[in-house]
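Enquirer: Chains as they are written, first to last, in this note's numbering: chain A, 1 to 116; chain B, 1001 to 1328. Following this message is one structure expressed as structure tokens.
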Amino acid sequence: MASHASHDHASGHVVPLWLLFAVLGVLLALTWMTVAATWFDLGKLNIYVAMVIAGVKATLVALYFMHLRWDRPFNGLVLLVSLILLVLFLGFAMRDGKAYDPSRIPGYAPGIQRAP
Amino acid sequence: MAERTVENHGHGEHPSYLQHHFDTAEQQFTSGKLGMWLFLATEVLLFAGLFCAYAVYRGSHPEIFIYAHHFLDKNLGALNTVILLSSSLTMAWAVRAAQLDQRKLSAALLALTLLGGCGFLSVKYVEYSHKIRDGLLWGTKYAPTHGAHGATAPGHEAAGQAAHQAPAPVVDPHAAEAQAAVAATRPGAIGPDGVPVPRTFAPDPVVQSQAAALDLPASLSVEPSLIKIAPAGPEGVVQPETIKDSLIRDPAAAPKNVHIFFGIYYLMTGLHGIHVVLGMGAIAWVLRKTVRGEFGSAYYTPVDLVGLYWHLVDLIWIFLFPLLYLIH
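Shown next, in the form of structure tokens:
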């Protein structure tokens, strides 16, 4: 029993309260930033700016709110693998979407298909 | 290992929360956590399918996304982001309170998190009901009712907004382009170069019938003086709201297949909404157990795992918000 109790405390890291609030503050600031970024026309950069900000926010949530910073690394690895699979999935699908010559396969790749 | 299992098999040897198939509470805790993370990985992959649909359609039809995002209320989206982020804080704090044996605080924070979920769903309800009223639905159900907001002519609405917003309205270049292209097809509108075309006094039957439907004179269909092109370059500050309604309420300005955007919008926000509901159910369950005093510093695994789930819901919204509401 005694050994149980000591293990219990070792397994869960208690996050300092100030850190939780600091993370929330940064997250809210980043939310404002991502809205403010739409006031500027950066052309194709807008989507990348938005995704980088979202990525930073997601990282903060995962590291601090989800305890990954103090967790067993394997749990983080599980999340990382799912993200790598997501990138593979999206990356290949998006490349594929632009890979067809519309004149050869009628009805395909509607985005680059010209009006008849 | 085997020795220990036999040795510990007698009941009463271990705390009530420790299941027989675990050696120690820590082993049980880390196993539960790993299981939760594996589940969260499948959740990421579940949403990956929808993110993929989004990416492929936006890649091939950017004009649909640029047009349709004007229908989404940026402020409500931002409000929901703030609500979810704050509820993530209260959830993380509730876990902390459970770890520190602060049972009442933990229960209060869980209730607050639950309230955040209610707030999120309420805002979502307002958004959905607006869209349903305006006929902004998926697939074959997409049938926008133009002029649903006040039923004024496009020019009128823009004029009202222009009067409110000093200095002169600066217009989203995309919107201005679309508007100019549409307007150029009508007599008395502006040409593609932004120069007003002299109005011909032969009334256009299309414009007349549209105006008749709106119960307004045909001359009000487009007010060329209201269309001002934003200064070129990255410095140009963009305020899509000034032309939003006039663009949206003009059926001719809509690109083809806008319903695809709404199909994706409803699937992504709907699946996310279902997750919010399920998360709230899980939080309510954990709250009940907390009030009963089942959790403390020795055992708080369910609070922690439900927290992880709630943070994942937050995490997905962090991406949905800019992707759906802040398209540029």
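Note that the Cβ used here is the ideal one computed from N, Cα and C, for glycine as well.
Between L90 (chain A) and chain B, is the shortest Cβ-Cβ distance under 8 Å, so that the two count as touching?
Expert: Chain B places a beta carbon closer than 8 Å to that of L90 (chain A), counting this residue as a contact.
Enquirer: Kindly list the residues whose CB is nearer than 6 Å to the CB of G1150 (chain B), restricted to its own chain and excluding five residues on each side of it in sequence; keep chain order.
Expert: Because the pLDDT at G1150 (chain B) is just 39, under 50, the model does not fix this residue reliably, and the point stays unresolved.
Enquirer: Nearest to F1321 (chain B) by alpha carbon, out of B:R1103, B:H1069, B:P1062 and B:S1031?
Expert: B:H1069
Enquirer: What did DSSP end up calling F21 (chain A) once you bin it into helix, strand or coil?
Expert: helix
Enquirer: Between W1037 (chain B) and V14 (chain A), is the Cβ-Cβ spacing less than 8 Å?
Expert: no
Enquirer: Which of the three DSSP states is assigned to F1321 (chain B) in this structure?
Expert: helix
Enquirer: V52 (chain A) touches chain B at which residues, Cβ-Cβ below 8 Å?
Expert: Those within 8 Å of V52 (chain A) in chain B number zero; the least Cβ separation is about 10 Å.
Enquirer: Helix, strand or coil, according to DSSP, for Q1022 (chain B) in the structure here?
Expert: For the sequence presented, residue 1022 (chain B) should be read as Phe rather than Gln. Three-state result, F1022 (chain B): coil.
Enquirer: Would R69 (chain A) count as contacting chain B if we go by Cβ distances under 8 Å?
Expert: Put simply, the CB of R69 (chain A) is far from chain B, with every gap to its CB atoms at 8 Å or more.
Enquirer: When the distance is taken between beta carbons, is F1065 (chain B) closer than 8 Å to L1136 (chain B)?
Expert: In this structure, F1065 (chain B) does not lie closer than 8 Å to L1136 (chain B) by Cβ.
Enquirer: What is the DSSP secondary structure of C1295 (chain B), reduced to helix, strand or coil?
Expert: The sequence shown places Phe at residue 1295 (chain B), rather than the Cys named in the question. In this structure, F1295 (chain B) counts as coil in the three-state DSSP scheme.
Enquirer: Are any of the Cβ atoms in chain B nearer than 8 Å to that of L63 (chain A)?
Expert: no
Enquirer: For a contact defined as C-beta to C-beta under 9 Å, what are the partners of C959 (chain B) on chain A?
Expert: Absent from the structure is residue 959 (chain B), since the part of chain B shown begins at 1001 and ends at 1328.
Enquirer: Taking Cβ positions only, does A29 (chain A) come closer than 8 Å to chain B?
Expert: no
Enquirer: Closer than 7 Å by beta-carbon distance: list the chain A residues that pair up with W1037 (chain B), in chain order.
Expert: Neighbours of W1037 (chain B) on chain A, chain order: N75, V78 and L79.
Enquirer: Alpha carbon to alpha carbon, how far is M33 (chain A) from T1290 (chain B)? Give it in angstroms, no decimals.
Expert: 37 Å
Enquirer: From the beta carbon of G1059 (chain B), is the nearest beta carbon of chain A less than 8 Å away?
Expert: yes
Enquirer: Using the beta-carbon of each residue, which ones in chain A are nearer than 8 Å to L1089 (chain B)?
Expert: What L1089 (chain B) touches in chain A: L20, F21, V23, L24 and F65.
Enquirer: What residue range is occupied by the uninterrupted alpha helix (DSSP H) comprising I1327 (chain B)?
Expert: No alpha helix (DSSP H) contains I1327 (chain B), which DSSP labels as neither H nor E.
Enquirer: Does DSSP put W70 (chain A) in a helix, a strand or coil?
Expert: coil
Enquirer: Skipping 5 residues on each side, what residues in its chain have a beta carbon closer than 7 Å to that of A1254 (chain B)?
Expert: Y1067
Enquirer: Rounded C-beta distance between W1093 (chain B) and L1076 (chain B)? I'm assuming under 8 Å.
Expert: At roughly 26 Å, the Cβ-Cβ gap does not stay under 8 Å, so W1093 (chain B) and L1076 (chain B) are not in contact.
Enquirer: Rounded to whole angstroms, how far is the Cβ of F1051 (chain B) from the Cβ of N1080 (chain B), which I believe are closer than 8 Å?
Expert: Actually they do not touch by this definition, with Cβ atoms about 19 Å apart.
Enquirer: Please confirm if M33 (chain A) has its CB atom under 8 Å from at least one CB of chain B.
Expert: no
Enquirer: Quick one: is L1112 (chain B) near chain A, going by C-beta distance under 8 Å?
Expert: no
Enquirer: For G1307 (chain B), count neighbouring C-beta atoms within 10 Å of its own C-beta (all shown protein chains included) and say buried if the count is 16 or more, exposed if not.
Expert: buried
Enquirer: Which whole-angstrom value is the C-beta distance of Y1265 (chain B) and L1326 (chain B), which I expect to be below 8 Å?
Expert: Incorrect: roughly 13 Å between the Cβ atoms, too far for contact.
Enquirer: Does R1096 (chain B) get closer than 8 Å to chain A when you measure Cβ to Cβ?
Expert: yes
Enquirer: What does A58 (chain A) touch in chain B if you count any residue whose Cβ is under 8 Å from its own?
Expert: At a beta-carbon threshold of 8 Å, the residues of chain B lying near A58 (chain A) are L1315, I1318 and F1319, ordered along the chain.
Enquirer: Please classify D1073 (chain B): does DSSP put it in a helix, a strand, or coil?
Expert: coil
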